[in-house]
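One structure is given below, encoded as structure tokens.
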């Protein structure tokens, strides 16, 4: 796992407006088939994790538990973020490769 590379790709996606932030935005993106990858913070609520996991399974979207809310927030320029949705397929592939 190359965390620095993942963070760099997430920052690139943020600058390119290819990220959506929050659980509600993630659920909408999944249903509209815009989501290419979902990242959930380790310290996100169990309810959010459970609901998004079900939706990701239903729509065949990769979901990873990654970092914590504070670190995800730094990437997005916020205090804390529980869920990040990547909408660009190429960036999502690069992130997945570096998470494994």
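In the numbering used here, the protein residues as written are 213 to 312.
Every residue gets a Cβ at the ideal spot worked out from N, C-alpha and C, and that includes glycine.
Non-local C-beta neighbours of residue 242 in its own chain, meaning closer than 7 Å and more than five positions away in sequence, comprise 267, 268, 271, 273, ordered along the chain.
If you ignore the 5 residues before and after residue 306, its C-beta comes within less than 7 Å of the C-beta of 221, all in its own chain and listed in chain order.
DSSP places residue 218 within a helical segment (H, G or I) once states are collapsed to three.
Going by DSSP, residue 266 is part of the alpha helix (DSSP H) stretching over 258-271. Assigned with DSSP and collapsed to three states, residue 275 falls in strand.
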